[in-house]
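Student: Numbering (our numbering), first residue to last: 1 to 95. There's a structure below that I have some questions on.
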């Protein structure tokens with residue numbers, strides 16, 4: 001039920017046609033941000049060694065069509081703090 005509620009909220013944002021904001025950070029900062037995700041860390045290392053030109057990204061939420069939150073992961077940094085990371089799947093409107 002909670003995932004459905006979050007999915008509905010994400011759908012509302014998609015229909016607002018909001019811009020995605022690109023965050024440009026040094027690889028060191030990105031490594032710190034994603035220190036709990038080995039897959040992201042591997043991607044950061046690959047990207048840091050490549051030229052960033054030619055990367056395709058979505059610029060507005062309206063390019064998303066169907067969206068579903070599929071998982072929640074607990075990222076506990078210490079005993080008193082609980083951080084959750086939510087994952088979702090989205091299909092582009094062109095499909």
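C-beta: ideal position from N, C-alpha, C; glycine also. Note that the structure is predicted; figures quoted are calculated from it, not measured.
Please state whether DSSP places residue 20 in a helix, a strand or coil.
Tutor: Reduced to three states, the DSSP call for residue 20 is coil.
Student: Could you please give the first and the last residue of the uninterrupted alpha helix (DSSP H) stretch that includes residue 5?
Tutor: Segment 2-15, the alpha helix (DSSP H) holding residue 5.
Student: Residue 71 to residue 86, Cα distance in whole Å?
Tutor: Roughly 6 Å between the two C-alpha positions.
Student: Kindly list the residues whose CB is nearer than 8 Å to the CB of residue 10, restricted to its own chain and excluding five residues on each side of it in sequence; keep chain order.
Tutor: Around residue 10: 67, 69, 88.
Student: Can you tell me where the alpha helix (DSSP H) with residue 42 in it begins and where it stops?
Tutor: Where residue 42 is concerned, the enclosing alpha helix (DSSP H) stretches over 38-48.
Student: Do the CB positions of residue 60 and residue 17 come within less than 7 Å of each other?
Tutor: Yes, the pair counts as a contact, with Cβ atoms nearer than the cut-off.
Student: Kindly indicate which three-state DSSP category residue 82 falls into: helix, strand or coil?
Tutor: In this structure, residue 82 counts as strand in the three-state DSSP scheme.
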